[in-house]
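Numbering (UniProt numbering), first residue to last: 1 to 678.
These notes are about the structure you will find just below.
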């Protein structure tokens with residue numbers, strides 16, 4: 001039964017009333033009201049209501065047909081509102097407040113300024129001048145851009161005599177293209193801009209071209225929930241966008257033809273480092289073409305255009321909330337990637353190159369980021385999944401960021417020395433591993449924040465390392481039992497099972513690798529990842545070499561005792577740069593059997609290993625005799641900034657999304673490069 005009755009409305013009227021149609025001021029605050037309690041049939045009788053207070057309730061949205069034709073003042077503070085577009089049903093609204101609705105952003109402010117033509121005060125501030133700009137100047141600029149986009153790319157695609165099917169097809173393509181490519185204003189307003197662009201494009205098709213858009217309408221494509229405003233002020237965000245835009249303009253006309261190396265069947269001398277390898281099957285691995293999409297300079301210290309010194313270290317694609325997340329890797333991430341370096345963490349839309357959000361800590365240098373998805377209680381009985389980003393670096397502190405709310409809700413003082421890398425457990429969403437320069441790897445339970453963002457973090461385990469851990473990876477077949485780490489002085493494994501009583505543990509195994517004609521455990525492992533459930537990819541300080549080896553055949557799980565030495569069962573070696581430069585890490589795309597690694601010249605080495613993985617998976621899978629050459633090398637394009645080429649470019653990290661649509665390249669010169677597979 002609804003909490004709102006005729007008797008309640010009459011009682012809460014100011015002053016009290018005997019008839020609904022006479023009520024002009026109504027106070028419905030602090031009643032724990034939910035959206036379903038706002039009955040349109042009952043509210044439609046409030047024909048003369050001018051002031052409505054709905055503050056301190058649990059509303060997540062407004063019903064579309066409350067029918068309050070004379071409403072002038074509305075207070076929605078301290079609710080759970082997620083959308084404001086339904087407010088357009090109150091065209092006479094002059095004053096609106098919705099502070100402390102954690103899911104509303106700057107984009108929503110701009111939406112209500114456009115939708116409510118009579119609005120003067122928003123959250124207590126006079127927005128008359130800004131609202132006029134939004135309704136007129138902003139709309140005029142966007143209309144011009146939308147029209148130009150049609151003229152340039154779509155006008156010639158529509159035949160003079162067109163069928164309904166052709167109209168439907170061109171409309172779909174145009175709406176998708178225009179929302180992706182028309183950009184205006186600061187990145188913090190990107191979601192508002194897409195919303196307005198779609199609206200303008202539909203009006204343009206209907207009124208300017210006479211193309212009906214309401215018949216046979218297809219469902220609107222949802223924009224990513226995470227694409228909302230930056231935590232910076234609008235002015236700071238605008239400065240960042242100008243910087244990124246200006247930088248991009250120098251390279252927008254560059255044409256890049258990637259250098260490719262295809263496998264062949266010619267025999268070469270076994271002693272030649274650059275020899276070509278033979279495929280295990282006659283069918284060659286598919287070669288791909290990737291094109292440079294965006295080059296961004298969005299981690300600059302103090303937003304300086306001259307900053308080509310900030311090192312970029314880590315990037316991870318955001319998981320999709322409604323895709324069954326961890327079950328299917330192909331659909332488990334969006335086109336949004338989190339990157340870190342220097343004092344900032346950025347969220348970037350890979351398709352548009354838009355910096356969606358930016359988080360800064362002036363005294364920090366971020367080294368690593370990781371995502372998890374937590375189911376949070378956002379009202380008394382309602383739960384919702386939200387993505388949480390963990391970021392850590394030089395200060396040894398983990399920052400926990402609720403991305404959709406643009407809120408860094410907490411921190412964990414994890415170590416007294418810098419944190420090199422972090423990762424979440426794939427099976428326990430609150431379990432976070434932090435690897436530090438104090439030669440320890442800690443396992444934390446970060447807890448789940450309540451609706452007021454109170455949370456409790458606790459340390460569950462400490463793994464003692466013999467040297468600084470640089471990269472960590474949980475074993476896919478048993479992520480709650482074993483962790484693998486590449487360290488300054490070797491590759492180690494720990495038993496992390498929590499039912500064991502020992503909270504502080506030494507390593508269980510150290511792995512030996514070939515070194516000329518012998519085996520050695522002493523070498524820096526600065527690249528580590530799993531290609532599939534069994535195959536480990538690691539890069540050592542040995543120049544020109546990346547090893548692929550079998551976890552199951554290398555690790556003796558039945559052996560007893562700690563700190564045992566085990567020989568890595570090598571499956572193959574990948575040919576790579578002969579540089580002795582360290583910390584140029586690698587990554588894998590397991591769903592596509594790809595390995596990626598950057599080099600000291602700005603190039604990305606790509607290896608398609610789909611022809612090898614089946615053979616390696618057999619119990620008697622033999623080692624590939626010759627080094628496997630890269631399937632393709634993406635060369636760094638010739639970029640000029642202010643007429644000059646950037647300094648020496650090292651690729652610190654390169655990561656693909658699970659479907660291998662985008663490739664994000666992080667460099668030593670504060671440039672994030674985004675490539676797209678074509």
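Where a beta carbon is used, it is the ideal one built from N, C-alpha and C, also for glycine.
Computed from a prediction, not measured in an experiment: that's the story for all the values here.
It is roughly 15 Å from the alpha-carbon of residue 526 to the alpha-carbon of residue 466. Residue 592 has its alpha-carbon roughly 28 Å from the corresponding atom of residue 469.
The shortest C-alpha to C-alpha distance from residue 480 to any of 12, 460 and 603 is the one to 460.
Residue 599 is positioned such that its CB atom lies closer than 9 Å to that of residue 579. For the options 625, 70 and 471, the alpha carbon positioned closest to that of residue 488 is the one of 471.
The residue among 367, 534, 542 and 32 with its C-alpha nearest the C-alpha of residue 519 is 542. Collapsing the DSSP output to three states places residue 110 in a helix. If only complete runs of 4 or more residues are kept, the stretch 3 to 83 shows the alpha helix (DSSP H) at 6 to 12 and 40 to 43, in order along the chain. Listed in chain order, the alpha helix (DSSP H) runs fully inside the stretch 621 to 669 amount to none, counting runs of at least 4 residues. Between residue 370 and residue 423, the beta carbon gap of about 5 Å places them in contact (Cβ cut-off 8 Å). For residue 476 and residue 188, the gap between their C-alpha atoms comes out near 37 Å. Nearest to residue 392 by C-alpha distance, out of 372, 421 and 416, is 421. Inclusion of residue 3 and residue 25 in the CB contact set at 9 Å is not warranted, their separation being larger than that value. Here residue 164 is exposed, its C-beta having fewer than 16 other C-beta atoms within 10 Å.
According to the DSSP assignment, residue 316 belongs to the beta strand (DSSP E) that extends over 312 to 317. In this chain, residue 428 is not harboured by any beta strand (DSSP E), its DSSP state being neither H nor E.
DSSP, read as helix, strand or coil, puts residue 360 in strand. A residue is called buried once 16 or more other Cβ atoms fall within 10 Å of its Cβ, and residue 490 is buried on that count.
The shortest CA-to-CA distance from residue 415 to any of 581, 40, 588 and 395 is the one to 395. Annotation for residue 438: 415, 416 and 417 place their beta carbon closer than 7 Å to its own, counting only its chain and skipping 5 residues before and after. Here residue 318 is actually not in contact with residue 345; their C-beta atoms are around 12 Å apart, not less than 8 Å. The beta carbons of residue 28 and residue 60 sit no closer together than 9 Å. DSSP lists 550 as the beta-bridge partner residues of residue 535. The beta-bridge partner set that DSSP reports for residue 387 consists of 373. Here DSSP, grouped into helix, strand and coil, assigns residue 199 to helix.
Non-local beta-carbon contacts of residue 139 in its own chain, meaning distances under 8 Å to residues more than five positions away in sequence, involve 114, 196 and 200 in chain order. For the pair residue 162 and residue 169, the Cα-to-Cα distance works out to about 11 Å.
Put simply, the stretch 545 to 555 does not touch the stretch 495 to 507. Fewer than three CB pairs are less than 8 Å apart. For residue 567, the three-state secondary structure derived from DSSP is strand. Annotated three-state conformation of residue 525 is strand, per DSSP. The Cβ atoms of residue 76 and residue 98 lie closer than 9 Å to each other.
Contact between residue 507 and residue 562 holds: their C-beta atoms lie close to 7 Å from each other, under 8 Å. With 16 or more neighbouring CB atoms inside 10 Å of its own CB, residue 539 falls in the buried class. Sequence-distant Cβ neighbours of residue 289 in its own chain, meaning closer than 6 Å and more than five residues away, are 678. In the DSSP assignment, residue 181 falls outside any beta strand (DSSP E) and within the unbroken alpha helix (DSSP H) covering 164 to 181.
Exposure of residue 124 is indicated by the presence of fewer than 16 other C-beta atoms within 10 angstroms of its C-beta.
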